[in-house]
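Number 126 in full-length UniProt numbering belongs to position 126 of the first sequence; there are no gaps in the numbering.
Step one of this worksheet: look at the structure below.
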Amino acid sequence: MTTTLTVATWNINSVRMRRLIVERLLNEVGPDVVCLQETKCQDAQFPSADFRKLGYEHVACNGGRGGYHGVAILSRLPLADVEVRDFCGKDVDPRHLAATVTVNGRPVRLHNFYVPAGGDEPDPEANPKFRHKLDFLAEMAAWLPGASGGVPDVVVGDLNVAPYETDVWSHKALIDVVSHTPIECEALEKVRLAGGWVDVARTFVPIEERLYTWWSYRAKDWRATDKGRRLDHVWAHPDLAARATAFRVLKDARDWDRPSDHAPLLVTLDLG
DNA sequence: ATGGTGGCCGAGCCA
Numbered sequence: 001m002t003t004t005l006t007v008a009t010w011n012i013n014s015v016r017m018r019r020l021i022v023e024r025l026l027n028e029v030g031p032d033v034v035c036l037q038e039t040k041c042q043d044a045q046f047p048s049a050d051f052r053k054l055g056y057e058h059v060a061c062n063g064g065r066g067g068y069h070g071v072a073i074l075s076r077l078p079l080a081d082v083e084v085r086d087f088c089g090k091d092v093d094p095r096h097l098a099a100t101v102t103v104n105g106r107p108v109r110l111h112n113f114y115v116p117a118g119g120d121e122p123d124p125e126a127n128p129k130f131r132h133k134l135d136f137l138a139e140m141a142a143w144l145p146g147a148s149g150g151v152p153d154v155v156v157g158d159l160n161v162a163p164y165e166t167d168v169w170s171h172k173a174l175i176d177v178v179s180h181t182p183i184e185c186e187a188l189e190k191v192r193l194a195g196g197w198v199d200v201a202r203t204f205v206p207i208e209e210r211l212y213t214w215w216s217y218r219a220k221d222w223r224a225t226d227k228g229r230r231l232d233h234v235w236a237h238p239d240l241a242a243r244a245t246a247f248r249v250l251k252d253a254r255d256w257d258r259p260s261d262h263a264p265l266l267v268t269l270d271l272g
């Protein structure tokens, strides 16, 4: 019996447009669980059957009205206690989905997030989208630490903030650009510290080393110019972080056919 | 260089 759990997180930028590269991840990498963001797909239209055929029999999705945002979890393992939370008092705001998987008798609570991008102007007074982003992060900090009911948890997703200097191609150039402004970086750090989660990526890739998960579609040659940002994250309860045996950003997927602008992240936990 | 690209849905919004 295997005692490892491999979790992927990937902002897919429309699951219907990019179903084939999701299938490529399932076939070629084969994580146990895949957390998707920006599915842009109502639940009734979600291509669950295609993923089930590949062995991902357990599918949970939160697609809202379809056009915007949306999160989903594909899993080879049963998903228990599936939960959705609408943040910031919005009726339909499909940005969160939680579920529990159990490996070797050990339950792990997964929280899959798509944090609001925040628009262009980093001023909460002038820009309601930035206000929403800060409010969302504040609500995460207040709610998330108590949300897993004592089950060790993993928080993943497109958190839309690159918190450290080496999480962006130029700290100086991006200091006033939404995703890397000090107020957001501090807000994200507050969320992480509120629950005591470990930034798993940074336990594998030292803080001195640049690490990105997103490269703009607008770059002429994304790999050569390498103007990336680390917007996607894997956080883990310290007991789980201590069991993390592998982590990587699957940068090659940024060059797959009709790619997402985000690369998948993969973490493996040894629950033996 | 205040553009550039891409997906929603079928114009303008969102990222």
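Yeah, the Cβ is synthetic: ideal placement off N, Cα and C, and Gly gets one too.
Here the structure is a predicted model, which means the values were calculated and not measured.
Original post:
Expressed to the nearest angstrom, what Euclidean distance is found between the alpha-carbon atoms of R85 and D199?
Top reply: Against the first sequence, residue 85 aligns to sequence position 85. Against the first sequence, residue 199 aligns to sequence position 199. The alpha-carbon separation between R85 and D199 amounts to approximately 23 angstroms.
Original post:
What is the residue span of the alpha helix (DSSP H) that C185 lies within?
Top reply: In the first sequence, the residue the question calls residue 185 occupies position 185. In the DSSP assignment, C185 falls within the alpha helix (DSSP H) that extends over P182 to G195.
Subject >> Nearest-angstrom Cβ-Cβ length linking V161 and E139, presumed shorter than 8 angstroms >> reply: Locating residue 161 in the first sequence gives position 161, counting from the first residue. Locating residue 139 in the first sequence gives position 139, counting from the first residue. About 15 angstroms separates the two Cβ atoms, so there is no contact after all.
Subject >> Spatial distance of C88 from E165 (CA atoms) >> reply: Numbered from its first residue, the first sequence carries residue 88 at position 88. Numbered from its first residue, the first sequence carries residue 165 at position 165. Each residue's alpha carbon lies about 29 angstroms from the other.
**OP:** Starting from the Cα of Y114, find the closest Cα among D153, A224, D93 and D176 and give me that residue.
**Re:** As a working mapping, residue 114 is identified with position 114 in the first sequence. Comparing Cα positions, the closest option is D93.
**OP:** Identify whether A173 lies in helix, strand or coil by the three-state DSSP scheme.
**Re:** The sequence position of residue 173 within the first sequence is 173, counting from 1. In the structure shown, A173 sits in a helix (DSSP, three-state: H, G or I).
Original post:
Going by C-alpha distance, which of A98, A241 and W215 is nearest D232?
Top reply: The count along the first sequence starts at 1 and reaches residue 232 at position 232. For D232, the nearest C-alpha among the options comes from W215.
Original post:
Excluding five sequence neighbours on each side, which residues of the same chain lie with their C-beta closer than 6 angstroms to the C-beta of V168?
Top reply: Position 168 of the first sequence, counted from the first residue, corresponds to residue 168. Closer than 6 angstroms at the Cβ level, and outside the excluded window around V168, lie A162, L174, H180 and R229.
Original post:
When burial is assigned at 16 or more other CB atoms within 10 Å of the CB, is L211 buried or exposed?
Top reply: Within the first sequence, numbered from 1, the residue matching residue 211 stands at position 211. Classification for L211: buried.
**OP:** In the DSSP assignment, find the beta strand (DSSP E) that holds A80 and state where it starts and stops.
**Re:** Taking the first residue of the first sequence as 1, we reach residue 80 at position 80. Looking at the DSSP string, the run of the beta strand (DSSP E) that includes A80 is A80 to E83.
Original post:
Can you give the Cα-Cα distance for H132 and V178, rounded to whole angstroms?
Top reply: Residue mapping note: residue 132 aligns to position 132 of the first sequence, counting from 1. Residue mapping note: residue 178 aligns to position 178 of the first sequence, counting from 1. Rounded to the nearest whole angstrom, the C-alpha separation of H132 and V178 is 13 angstroms.
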